[in-house]
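What follows is one structure encoded as structure tokens, with my remarks underneath.
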Amino acid sequence: MLHYIKKIVNIQDYSVTCLFNTGEVRVIDLKNVIEKYSKINDGLISRLAEKSYFDTVQLDSYGTLYWENGVDFDPDNLYKISHPEIVPI
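All the letters of the sequence shown, read from the start, carry residue numbers 4 to 92 under our numbering.
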């Protein structure tokens, strides 16, 4: 199954909670990815280390996260690195 994001539910720290086409709400934690690219200062993904810029994330028509500087991620890979949202009881 090809995964895609239907809606951004929440943005907190360097995580984005999303509703996927499977009906699942999952949390995508990008902190490690951002830290990795910040070390090499790639100029694109490393820009996401600025919290105010990270928070400008949007959903494109292909069902993935993107930022105005051109950074986007494959939605299938985002699904693979995400985990189900834990809802407090």
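Note that CB positions come from ideal geometry on N, CA and C, so glycine has one too.
Treat the numbers as computed from the prediction; the structure is a model and nothing was measured.
What does DSSP give as the partner residues of Y56 in its beta bridges?
Counted from its first residue, the sequence shown places residue 56 at position 53. According to DSSP, which records beta bridges pairwise, Y56 is partnered with nothing at all.
Please look up how many angstroms separate the CB atoms of I43 and V74, rounded, as I've assumed it's under 8 Å.
Locating residue 43 in the sequence shown gives position 40, counting from the first residue. Locating residue 74 in the sequence shown gives position 71, counting from the first residue. Rounded, the Cβ-Cβ distance is 15 Å, inconsistent with contact.
In three-state DSSP terms, what is D45?
Here residue 45 corresponds to residue number 42 of the sequence shown, with the count starting at 1. Here D45 sits in coil by DSSP.
Assuming the contact rule is C-beta atoms closer than 8 Å, L81 and I31 should be a hit. Round their C-beta distance to whole Å, please.
In the sequence shown, residue 81 corresponds to position 78, counting from 1. In the sequence shown, residue 31 corresponds to position 28, counting from 1. That pair is a contact at about 5 Å.
So the candidates are M4, D63, T20; which of them puts its Cα closest to the Cα of I11?
Along the sequence shown, one-based indexing puts residue 11 at 8. Comparing Cα positions, the closest option is T20.
Going by C-alpha to C-alpha distance, which of K9, L62, P78 sits closest to E71?
Here residue 71 refers to the residue found at position 68 when the sequence shown is read from its first residue. Of K9, L62, P78, the residue nearest in Cα terms is L62.
Does the distance from the C-beta atom of R50 to that of S85 stay below 8 Å?
The count along the sequence shown starts at 1 and reaches residue 50 at position 47. The count along the sequence shown starts at 1 and reaches residue 85 at position 82. Result no, Cβ atoms of R50 and S85 do not sit closer than 8 Å.
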